[in-house]
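Asker: Okay, here's the structure, questions in a sec.
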Amino acid sequence: MTVTVRHSSIDLWAEFPDNKYVQRLLKHCRTMNIKLAGSPVREQWFYHPEQRTIYVWPPDLTYQSLSYLVVILAHELGHAMDFDSHPGHVAVIRNRHWSRTPLFIEQAAFVNGFCLLKQLQIPCSLDQYAAMIEPPMAERVVNEIENNHLCCLLSSPRRALSTPS
Ligand SMILES: [Zn+2]
Numbered sequence: 018m019t020v021t022v023r024h025s026s027i028d029l030w031a032e033f034p035d036n037k038y039v040q041r042l043l044k045h046c047r048t049m050n051i052k053l054a055g056s057p058v059r060e061q062w063f064y065h066p067e068q069r070t071i072y073v074w075p076p077d078l079t080y081q082s083l084s085y086l087v088v089i090l091a092h093e094l095g096h097a098m099d100f101d102s103h104p105g106h107v108a109v110i111r112n113r114h115w116s117r118t119p120l121f122i123e124q125a126a127f128v129n130g131f132c133l134l135k136q137l138q139i140p141c142s143l144d145q146y147a148a149m150i151e152p153p154m155a156e157r158v159v160n161e162i163e164n165n166h167l168c169c170l171l172s173s174p175r176r177a178l179s180t181p182s
């Protein structure tokens with residue numbers, strides 16, 4: 018993946034909201050040996066598999082909703098899960114610009130991300146999850162989860178993400 022990185026001295030881990038679901042996802046980042054860094058691209062988050070780094074757009078940590086942060090962290094971790102289990106996907110994106118990631122790789126990250134939310138017992142219904150995704154991709158993700166990952170769907174009640182912590 019071709020990316021120009023500027024170094025940032027702020028401690029991004031500490032910049033995330035003190036919310037138990039966000040913190041649970043960050044703990045999972047550490048378990049997977051994934052680092053955080055400031056994104057060099059405005060409003061853009063992405064995962065770099067060879068650096069095992071999630072590039073975070075820092076203003077989002079202050080101005081975006083908790084549900085946005087939960088879904089985007091799950092998505093980036095979903096990329097990490099996909100690249101770890103499909104090394105061939107790393108080769109596919111190696112010489113591409115971050116903005117030209119193939120759709121099937123984005124879809125895999127969203128599907129893995131949803132399963133991760135279920136695994137970590139973070140309440141988010143498929144409807145809520147799909148509402149955070151752009152329409153054509155949202156439909157593909159919902160279809161794949163309903164067809165191939167019904168176990169994820171059934172493992173958790175459909176509670177609201179805003180359930181008090
Ligand atoms: Zn992505």
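With the numbering used here applied, the sequence shown covers 18 to 182. Every residue gets a Cβ at the ideal spot worked out from N, C-alpha and C, and that includes glycine. Here the structure is a predicted model, which is why all the values come from computation and not from measurement.
Short check: CB of P152 to CB of F100, under 8 Å?
Answerer: Mapped onto the sequence shown, residue 152 falls at position 135. Mapped onto the sequence shown, residue 100 falls at position 83. No, the Cβ-Cβ distance between P152 and F100 is not below 8 Å.
Asker: Could you spell out where the alpha helix (DSSP H) holding F100 opens and where it closes?
Answerer: On the sequence shown, residue 100 is found 83 positions in, with the first residue counted as 1. Segment L83 to S102, the alpha helix (DSSP H) holding F100.
Asker: From R111 to K37, what distance separates their C-alpha atoms?
Answerer: In the sequence shown, counting from the first residue as 1, residue 111 sits at position 94. In the sequence shown, counting from the first residue as 1, residue 37 sits at position 20. Cα to Cα, the separation comes out at about 34 Å.
Asker: Does any heavy atom of ligand 1 sit closer than 7 Å to the C-beta of T79?
Answerer: Taking the first residue of the sequence shown as 1, we reach residue 79 at position 62. No; taking the cut-off as 7 Å, the Cβ of T79 has no heavy atom of ligand 1 nearer than that.
Asker: Please name the residue, chosen from T48, P75, R113 and S116, that lies closest to S56 on a Cα-to-Cα basis.
Answerer: Within the sequence shown, numbered from 1, the residue matching residue 56 stands at position 39. Closest by alpha carbon: P75.
Asker: If we ignore side chains and look at the alpha-carbon of each, how far apart do C141 and G105 end up?
Answerer: Walking along the sequence shown from the start, residue 141 turns up at place 124. Walking along the sequence shown from the start, residue 105 turns up at place 88. Roughly 30 Å separates the two Cα atoms.
Asker: Is the distance from the Cβ of L94 to the Cβ of L133 below 8 Å?
Answerer: In the sequence shown, the residue the question calls residue 94 occupies position 77. In the sequence shown, the residue the question calls residue 133 occupies position 116. Contact flag set, yes.
Asker: With a Cβ-Cβ cutoff of 8 Å, do W62 and I51 count as a contact?
Answerer: To locate residue 62, count along the sequence shown from 1; it is residue 45. To locate residue 51, count along the sequence shown from 1; it is residue 34. For W62 and I51, no; Cβs fall outside 8 Å.
Asker: List, from N- to C-terminal side, the alpha helix (DSSP H) runs of 4 residues or more that fit wholly inside the region 125–155.
Answerer: Correct list: 143–148.
Asker: Taking 7 Å as the line, does the beta carbon of H92 fall inside it for any heavy atom of ligand 2?
Answerer: For ligand 2, the structure offers nothing, since it holds only ligand 1.
Asker: Nearest to I89 by CA position, among D28, F121 and C46, is which residue?
Answerer: To locate residue 89, count along the sequence shown from 1; it is residue 72. Of the listed residues, the one whose Cα sits closest to I89 is C46.
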